[in-house]
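S.K.:
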Amino acid sequence: MRALITGGAGFIGANFVHQTLADRPDASVTVLDKLTYAGNPASLAGLDERVTLVEGDIADPELVDALVKDADLVVHFAAESHNDNSLNDPSPFVTTNLVGTFTLLEAVRRHQVRYHHISTDEVYGDLELNDPERFTEHTPYNPSSPYSSTKAGSDLLVRAWVRSFGIEATISNCSNNYGPYQHIEKFIPRQITNLIDGVRPKLYGAGQNVRDWIHVRDHNTAVWKIIDAGRIGETYLIGADGEKNNKEVVELVLELMGHDPEDYEHVADRPGHDLRYAIDNTRLREELGWEPQFEDFRTGLADTIRWYQENQDWWRPQKAEVEAKYAAQGQ
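Letter by letter, the sequence shown follows residues 1 to 331 in UniProt numbering.
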């Protein structure tokens, strides 16, 4: 099997490449990645000759066509994905998330290649903190940022290409991931790496915003379940019943790293900060028989902390620049 993985040098994509090579000895992988700040070739270091890294843009029609032509499967992780960045400059989000997805879909249509589209629960907007409901596959889209709105648009493109052109595609919308190889501008690795460097963690506002956390390995096992057994044209929501508010997460990071759980700083909240995300994963569990390995968030977080402690050579070159950017924003 020849798999083309877009964004395969990024956080979730790199983990997907590692897991694919470990679990599927018949697979060869081509990674297409633009290698922006979020794509790191070091995340693929040490992998065998079954992996080829191509530096390029998913919005480049000629390059995409040539790579899709030689693939049996396209798994589309590549995206501009940081909410703060989308608020500062929405334009790359429109180009990558919309034009890039369109370019892939057209190549997939020409060459009749199986396609799986990775998306986010943020396309559904947010829920009230005391709302008993969770997002399902039938929840109306209600995005609130340039990031989530362009991801919503990319999902709708996939659905249209399935219905209008008959491509073989599935979609997954996942909750917040954590784990190895996540860029240190993101919430959990930023807190961990700050503590390693003796810096107090930072918490947006009162920290009451709730996210539904899932370990990246569990996300990727679910993706393979969907590719192998999911119904063409369907959407599956991926979550591990891991709802925690940001305050709880920071306090648990502090505790697991041997610090006072209340030793953190409050910083100005993000504009338009969504209140709560929560995934109903019933279809994934009942239809495809998927179960998460890291059902306990504490265990998964401890595993993640160990990885950042043991792999400082991977994240340290980025640290000073990330913190300087946040300092300039008062965060």
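All C-beta atoms in this analysis are idealised placements derived from N, C-alpha and C, irrespective of residue type, glycine included. Note that this is a predicted model, so its numbers are computed, not measured.
1. Can you tell me whether DSSP reads Y204 as helix, strand or coil?
2. With DSSP as the reference, label A152 as helix, strand or coil.
3. When you compare each of Y181, Y178 and Y124 to G153 by their alpha carbons, which one comes out closest?
4. Helix, strand or coil: how does DSSP classify H183 here?
5. Helix, strand or coil for V113, going by three-state DSSP, please let me know.
6. Rank H259, D313, E323 and Y326 by C-alpha distance to the C-alpha of N40 and give the top, closest one.
7. Assuming A278 is part of the beta strand (DSSP E), what are its boundary residues?
8. With a threshold of 6 angstroms on Cβ separation, who are the neighbours of D72 within its own chain once the five nearest residues in sequence on each side are excluded?
9. Can you check whether the CB of T30 is closer than 8 angstroms to the CB of L4?
10. Under 7 angstroms from any heavy atom of the ligand COA, does the C-beta of R285 make it?
11. Can you name the residues that DSSP bridges to T193?
12. Please classify N246: is it buried, with 16 or more other beta-carbons within 10 angstroms of its beta-carbon, or exposed?
13. Nearest to R276 by alpha carbon, out of V51, K244 and A327?
14. In whole angstroms, what is the alpha-carbon distance linking I232 and E248?
15. In whole angstroms, give me the CA-to-CA distance for T120 and G242.
16. On a CA-only basis, which of E265, A302 and E287 is nearest G230? Give me that one, please.
17. Do we get a CB-CB distance below 8 angstroms when we pair V249 with the residues of chain E?
18. Comparing C-alpha positions only, which one of D48, N176 and R159 sits nearest to A169?
19. Nearest to L156 by CA position, among S145, Y204, S91 and T101, is which residue?
20. Could you tell me whether the Cβ atoms of I238 and H219 are closer together than 8 angstroms?
21. Put T101 into one of helix, strand or coil per three-state DSSP.
22. Suppose you measure from the CA of E323 to the CA of T103; what does that come to, to the nearest Å?
23. Less than 8 angstroms between the beta carbons of A27 and T20, yes or no?
24. If you measure between the beta carbons of I192 and Y308, is that distance less than 8 angstroms?
25. Cα separation between A78 and Y178?
26. Counting C-beta neighbours from all protein chains within 10 Å, is the total for E321 16 or more, i.e. buried, or is it exposed?
27. Does I226 come out as helix, strand or coil in the three-state DSSP assignment?
28. Using beta-carbon positions only, say whether H215 and F294 come within less than 8 angstroms of one another.
29. Where does the unbroken alpha helix (DSSP H) through N245 begin, and where does it stop?
30. On the CB-based measure, 16 or more other CB atoms within 10 Å of its CB, does P201 come out buried or exposed?
M.R.: In terms of the structure at hand:
1. Y204: strand per DSSP, three-state reduction.
2. Look at A152 here: in three-state DSSP terms it is helix.
3. Ranking Y181, Y178 and Y124 by Cα distance to G153 puts Y124 first.
4. It is coil, neither helix nor strand.
5. Here V113 sits in coil by DSSP.
6. For N40, the closest alpha carbon among the candidates H259, D313, E323 and Y326 is that of D313.
7. Looking at the DSSP string, A278 is not in any beta strand (DSSP E), and its letter there is neither H nor E.
8. Counting only Cβ-Cβ distances below 6 angstroms, and skipping sequence neighbours, we find M1 and R2.
9. The criterion of a C-beta distance shorter than 8 angstroms is satisfied by L4 and T30.
10. The ligand content of the structure shown is nil, which means the ligand COA is not present either.
11. Per DSSP, none; premise fails for T193.
12. Its Cβ being crowded by 16 or more others within 10 Å, N246 is buried.
13. That would be K244, whose Cα lies nearest to the Cα of R276.
14. As the crow flies, the alpha-carbon of I232 is around 38 angstroms from that of E248.
15. Looking at the two C-alpha atoms, the distance is approximately 15 angstroms.
16. It is E287 whose Cα lies nearest to the Cα of G230.
17. Of the protein chains in the structure, only one exists, and it is not chain E.
18. Nearest of D48, N176 and R159 to A169, Cα basis: R159.
19. Measuring from the Cα of L156, the nearest candidate turns out to be T101.
20. Result yes, Cβ atoms of I238 and H219 sit closer than 8 angstroms.
21. Helix.
22. Those two C-alpha atoms are separated by around 35 angstroms.
23. Going by C-beta atoms, A27 is nearer than 8 angstroms to T20.
24. Yes. Within cutoff.
25. Straight-line Cα distance between these residues: approximately 17 angstroms.
26. Its Cβ having fewer than 16 others within 10 Å, E321 is exposed.
27. Taken through DSSP and simplified to helix, strand or coil, I226 comes out as helix.
28. H215 is a Cβ neighbour of F294, given a cutoff of 8 angstroms.
29. No alpha helix (DSSP H) holds N245; the beta strand (DSSP E) holding it covers E243 to N245.
30. P201 is buried by the Cβ-count criterion.
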